[in-house]
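Position 34 of the sequence shown, counting from 1, maps to 38 under UniProt numbering, and the rest follow consecutively.
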Amino acid sequence: EDVPVIAIDGPSASGKGTIAQGVARVLGFHYLDSGALYRLVALAARRRGIELTAEQPLAQVAAGLDASFEGDEVILDGERVTDTIRSEPVSQDASKVASHPQVRAALMARQRAFRRPPGLVAEGRDMGTHVFPDARLKIFLTASPEERARRRYKQLIDKGMDVTMIDLVRDIAERDRRDRERAVAPLKQADDAVLIDTTSLTIDEIVNAVVARYRSLT
Ligand code: C5P
5 EDVPVIAIDG PSASGKGTIA QGVARVLGFH YLDSGALYRL VALAARRRGI ELTAEQPLAQ
65 VAAGLDASFE GDEVILDGER VTDTIRSEPV SQDASKVASH PQVRAALMAR QRAFRRPPGL
125 VAEGRDMGTH VFPDARLKIF LTASPEERAR RRYKQLIDKG MDVTMIDLVR DIAERDRRDR
185 ERAVAPLKQA DDAVLIDTTS LTIDEIVNAV VARYRSLT
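The structure is reproduced here in structure tokens:
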């Protein structure tokens with residue numbers, strides 16, 4: 005493929021979404037929020053009464069997902085679920101759903117379909133390691149656990165959700181452990197990924213660093 009991909013991976017609340025969207029905007033590239041797909045599968049499964057341990061039925065939900073991204077809005081079965089999929093219960097469910105290899109396989113083609121000219125910025129856990137192993141630039145973002153909990157807290161409070169820091173710190177740690185320890189496509193830095201610790205950097209600094217690196221390659 006000669007459509008360039010910038011893969012941005014990292015643990016939850018490491019700033020991937022904000023950074024990936026910023027880089028996509030600067031370069032005029034498409035944007036893939038792969039986590040939203042796992043969140044949508046989790047929500048759709050809940051609504052259909054499917055257990056989060058039932059791999060085969062979950063993979064069917066993933067394969068038949070009736071979802072679309074319209075600007076900043078996420079639509080599932082014709083309904084706006086933009087905020088619902090960001091809630092903590094759905095976050096936890098998403099990481100359980102994401103541990104099943106058949107679910108991951110069922111979402112593969114859908115993710116790769118986002119790769120269209122002039123380019124794609126894709127963010128998640130396995131963009132550089134599995135979905136786009138030939139990405140032109142791979143970035144792995146980290147931040148201290150405290151900083152990540154603070155960011156997620158602000159994000160959820162801004163959406164009017166009722167959360168506490170204590171719960172968030174615990175939930176983020178639990179989700180990260182599940183993501184790192186799963187057998188298939190675990191969260192890990194690709195060998196050829198550039199590590200950026202975002203703890204004490206501003207959004208603009210990180211976006212500019214990623215864009216500059218990308219431009220230095222082409
Ligand atoms: O990125 P986000 O926090 O929205 O992802 C929600 C969950 O989806 C993650 O905790 C992870 O378990 C799963 N995920 C994944 N692979 C990706 C993106 C997300 O397993 N590429």
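In this text, a Cβ means the ideal position worked out from N, Cα and C, and glycines have one as well.
Under the three-state reduction of DSSP, which class applies to residue i: helix, strand or coil?
{"i": "residue 134", "result": "helix"}
{"i": "residue 9", "result": "strand"}
{"i": "residue 66", "result": "helix"}
{"i": "residue 141", "result": "strand"}
{"i": "residue 56", "result": "coil"}
{"i": "residue 163", "result": "coil"}
{"i": "residue 191", "result": "coil"}
Return the bridge partner residues of residue i from the DSSP annotation.
{"i": "residue 210", "result": "Looking at the DSSP assignment, residue 210 forms no beta bridge with any residue, so it has no partner."}
{"i": "residue 40", "result": "Partner(s): none; residue 40 has no beta bridge."}
{"i": "residue 71", "result": "80"}
{"i": "residue 146", "result": "201"}
{"i": "residue 104", "result": "Note: residue 104 sits in no beta bridge, so no partner."}
{"i": "residue 128", "result": "13"}
{"i": "residue 35", "result": "125"}
On the premise that residue j lies in contact with residue i, defined as a C-beta separation below 8 Å, what is that separation, rounded to the nearest angstrom?
{"i": "residue 10", "j": "residue 141", "result": "5 Å"}
{"i": "residue 165", "j": "residue 13", "result": "25 Å between Cβ atoms; not a contact."}
{"i": "residue 134", "j": "residue 189", "result": "5 Å"}
{"i": "residue 215", "j": "residue 30", "result": "5 Å"}
{"i": "residue 95", "j": "residue 179", "result": "6 Å"}
Closest to residue i by C-alpha separation, out of the options, would be which residue?
{"i": "residue 210", "options": "145, 99, 90 and 104", "result": "145"}
{"i": "residue 182", "options": "6, 7, 16 and 65", "result": "16"}
{"i": "residue 204", "options": "6, 152, 106 and 49", "result": "152"}
{"i": "residue 32", "options": "63, 122 and 58", "result": "122"}
{"i": "residue 35", "options": "52, 115 and 207", "result": "115"}
{"i": "residue 208", "options": "169, 26 and 21", "result": "26"}
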